[in-house]
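Protein chains: 2
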Amino acid sequence: MPATMKIYFAASIRGGRDDWASYLEIVRQLRDYGQVLTEHVGDAELSASGEGLDDRFIHDRDLGWLRTSDYLVAEVTTPSLGVGYEIGKATEWGKPVLCLYRPAEGRSLSAMISGSNRVTLKEYQSPTELPEIFEQFLQSK
Amino acid sequence: MPATMKIYFAASIRGGRDDWASYLEIVRQLRDYGQVLTEHVGDAELSASGEGLDDRFIHDRDLGWLRTSDYLVAEVTTPSLGVGYEIGKATEWGKPVLCLYRPAEGRSLSAMISGSNRVTLKEYQSPTELPEIFEQFLQSK
Numbered sequence: 001m002p003a004t005m006k007i008y009f010a011a012s013i014r015g016g017r018d019d020w021a022s023y024l025e026i027v028r029q030l031r032d033y034g035q036v037l038t039e040h041v042g043d044a045e046l047s048a049s050g051e052g053l054d055d056r057f058i059h060d061r062d063l064g065w066l067r068t069s070d071y072l073v074a075e076v077t078t079p080s081l082g083v084g085y086e087i088g089k090a091t092e093w094g095k096p097v098l099c100l101y102r103p104a105e106g107r108s109l110s111a112m113i114s115g116s117n118r119v120t121l122k123e124y125q126s127p128t129e130l131p132e133i134f135e136q137f138l139q140s141k
Numbered sequence: 001m002p003a004t005m006k007i008y009f010a011a012s013i014r015g016g017r018d019d020w021a022s023y024l025e026i027v028r029q030l031r032d033y034g035q036v037l038t039e040h041v042g043d044a045e046l047s048a049s050g051e052g053l054d055d056r057f058i059h060d061r062d063l064g065w066l067r068t069s070d071y072l073v074a075e076v077t078t079p080s081l082g083v084g085y086e087i088g089k090a091t092e093w094g095k096p097v098l099c100l101y102r103p104a105e106g107r108s109l110s111a112m113i114s115g116s117n118r119v120t121l122k123e124y125q126s127p128t129e130l131p132e133i134f135e136q137f138l139q140s141k
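As given, the protein sequences belong to chains E and A, one line each in that order. Note that our numbering numbers the first sequence so that position 105 is 105, with each residue one more than the last. Note that our numbering numbers the second sequence so that position 93 is 93, with each residue one more than the last.
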């Protein structure tokens, strides 16, 4: 594990902020492993209308961060075009990808995520289960 | 435009089927331009629980189709991880990508889509606007 490990954290913003409390906790835990490039994703103040910046700027900034990152960690419980897009890029670029998913009645994860052999998929119900998942994934790479 | 043009149509399946009537109409119109590799996406019988096939099989089949396609046409109104993933791959592979989006109050498109310079984004409200959009996009490539 590089000393200055860079982690790109992806989660739904404009697709809906129902799970923001989970995102905040994930960012908090990931900080123990390195620099989280996208800390704002866990920000309670960030609404589904987004950051209020130009979309081209956001796209190019985020893809730049993703390129320089060592890992992509994505929370995939709330369907999101942007998160899917970033997983598509990261798997293409050979980055290790960890997807976190909270299964629930009436919810079904995309086969593009669950069926990809370049994605490590971990299900959880509570943030208390995350330390073990992060320990395994981030230490093993 | 190649005589046997192959079009990959992407739209939300497990993310939600609210817009399936639009998808059906899009597939109907796209057939005038070539072979639609993913006709089942517009199927009224297809529910959000998906096709009932193994996820690895679906992933590899769909990515194989996407690789052989000449264009990706994606309906991006309903947020979807799979659609985002496919747009991420297609833009990486240099495929022309057309995204169709119906703006509405309280809805906001991902900056990863609206901010990408490899995506042609067209807004519409009614399927009657689609023929002109398809004519422009599919004839110009």
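Even glycine gets a Cβ: it sits at the ideal position worked out from N, Cα and C.
Anticipated Cβ contact below 8 Å, residue i with residue j, distance rounded
i, j, result
"residue 124 of chain A", "residue 102 of chain A", "6 Å"
"residue 84 of chain E", "residue 84 of chain A", "3 Å"
"residue 90 of chain E", "residue 72 of chain E", "4 Å"
"residue 100 of chain E", "residue 122 of chain E", "6 Å"
"residue 110 of chain E", "residue 81 of chain A", "4 Å"
CB of residue i within 8 Å of CB of residue j, strictly
i, j, result
"residue 13 of chain E", "residue 46 of chain E", "yes"
"residue 34 of chain A", "residue 7 of chain A", "yes"
"residue 93 of chain E", "residue 67 of chain E", "yes"
"residue 86 of chain E", "residue 10 of chain E", "yes"
"residue 59 of chain A", "residue 115 of chain E", "yes"
"residue 131 of chain A", "residue 79 of chain E", "no"
"residue 88 of chain E", "residue 48 of chain E", "no"
"residue 44 of chain A", "residue 30 of chain A", "no"
Residue from the options whose Cα sits closest to the Cα of residue i
i, options, result
"residue 57 of chain E", "A/40, A/18, A/84 and A/113", "A/113"
"residue 19 of chain E", "E/75, E/104 and E/110", "E/75"
"residue 104 of chain E", "E/132, E/86 and E/126", "E/126"
"residue 120 of chain A", "A/129, A/95 and A/5", "A/95"
"residue 133 of chain E", "E/109, E/98, E/110 and E/65", "E/98"
"residue 77 of chain A", "A/22, A/32 and A/4", "A/22"
"residue 32 of chain E", "E/129, E/65 and E/5", "E/5"
Counterpart residues of residue i in DSSP-defined beta bridges
i, result
"residue 9 of chain E", "E/73"
"residue 120 of chain A", "A/98"
"residue 125 of chain A", "DSSP, once it has assigned bridges, lists no residue as partnering residue 125 of chain A."
"residue 35 of chain E", "E/6"
Partners in chain E for residue i, counting only beta-carbon separations shorter than 9 Å
i, result
"residue 113 of chain A", "55, 59, 81, 82 and 85"
"residue 11 of chain A", "Here the premise fails: no neighbours, minimum Cβ distance about 11 Å."
Proximal chain E residues relative to residue i, where beta-carbon distance stays under 8 Å
i, result
"residue 109 of chain A", "14 and 81"
"residue 48 of chain A", "108"
Neighbouring residues, chain E, relative to residue i (Cβ below 7 Å)
i, result
"residue 126 of chain A", "Within chain E, no residue comes near residue 126 of chain A; the closest Cβ sits about 22 Å away, beyond 7 Å."
"residue 89 of chain A", "88 and 92"
"residue 22 of chain A", "Under the 7 Å cutoff, chain E gives no residues; its nearest Cβ is about 16 Å from residue 22 of chain A."
Chain-ordered neighbours of residue i on chain A, where CB pairs are closer than 7 Å
i, result
"residue 116 of chain E", "59"
Chain A contact residues for residue i, given Cβ-Cβ distances below 8 Å
i, result
"residue 76 of chain E", "81"
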